[in-house]
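> Pasting in a structure now, in structure tokens, and then I'll have a few things to ask.
In the numbering used here, the protein residues as written are 154 to 315.
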């Protein structure tokens with residue numbers, strides 16, 4: 154009886170002490186891909202940007218409507234000639250989680266520093282992005298920032314041209 158009780162206690166201890174699965178990460182290949190992606194944005198490396206997204210990625214930028222990587226690249230190419238420089242990765246804080254649905258998400262918070270060719274002012278915009286990864290490719294992205302700073306920039310250009 155005593156041996157049976159000890160055996161039961163031992164089994165209980167083994168099952169209760171089971172290590173929980175790791176769900177939060179500060180280092181991972183997906184985090185490194187994210188850092189590379191932001192570096193590619195800063196240097197307008199279109200091939201690098203495209204290589205990190207899946208062909209069927211859905212990108213949501215301050216919107217409930219998504220667009221694909223081709224539209225993203227077209228927008229970036231049209232903006233490239235207007236921008237003197239932009240920096241995204243300097244202030245980056247990232248973490249990765251694997252949620253209950255076994256989805257891999259990287260969350261990033263960073264400061265977007267941007268200076269346009271025809272302006273002496275550097276704009277600083279806080280940004281929050283979430284990237285869902287599958288097979289080392291981004292399949293979904295949500296990015297949010299306060300776009301009003303850009304509207305004020307266009308208003309000042311419009312006023313100075315009148």
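Positions of the beta carbon are idealized from the N, C-alpha and C atoms, including for glycine.
Quick caveat: nothing in here was measured; it's all calculated off a predicted structure.
1. Mapping DSSP to helix, strand and coil, what is residue 208?
2. Measure from the alpha carbon of residue 242 to the alpha carbon of each residue in 193, 228, 221 and 220, then state which is nearest.
3. Which one of 257, 222 and 216 has the shortest CA to CA distance from residue 298?
4. Apply the 10 Å Cβ neighbour rule to residue 233 and answer buried if 16 or more other Cβ atoms are within range, or exposed otherwise.
5. Using a 10 Å radius around the Cβ and a threshold of 16 neighbouring Cβ atoms, would you call residue 274 buried or exposed?
6. Ignore the nearest five residues each way along the sequence and tell me which others in residue 262's own chain have a CB closer than 6 Å to its CB.
7. Among 257, 293, 286 and 294, whose alpha-carbon lies nearest the alpha-carbon of residue 176?
8. Looking at chain D, is there any beta carbon in it that lies within less than 7 Å of the beta carbon of residue 226?
9. Determine the contact status of residue 219 and residue 213, defining contact as a CB-CB distance below 7 Å.
10. Between residue 226 and the ligand MN, is the CB less than 6 Å from at least one heavy atom?
11. From residue 249 to residue 186, what does the alpha carbon distance come to, in whole angstroms?
12. Give me, in chain order, the residues of the same chain whose beta-carbon lies closer than 7 Å to that of residue 300; leave out the 5 immediate sequence neighbours on both sides.
13. Which one of 296, 303, 289 and 304 has the shortest CA to CA distance from residue 184?
14. From residue 272 to residue 195, what does the alpha carbon distance come to, in whole angstroms?
15. At the level of alpha carbons, what is the spacing between residue 223 and residue 178?
16. Could you tell me which residues DSSP puts in a beta bridge with residue 214?
17. Got a sec? Which residues, its chain only, sit under 7 Å from residue 225 by beta carbon, not counting five neighbours each side?
In brief:
1. Strand, per DSSP.
2. 193
3. 216
4. The residue is exposed, with fewer than 16 neighbouring Cβ atoms inside 10 Å.
5. Residue 274 comes out exposed.
6. 246 and 281
7. 257
8. Among the chains of the structure shown, chain D does not appear; only one protein chain is present.
9. yes
10. As far as ligands go, the structure on display features none, and thus does not contain the ligand MN.
11. 12 Å
12. 215
13. Checking every option, the nearest Cα to that of residue 184 belongs to 289.
14. Per the coordinates, the alpha-carbon of residue 272 lies some 18 Å from the alpha-carbon of residue 195.
15. 30 Å
16. 296
17. 212
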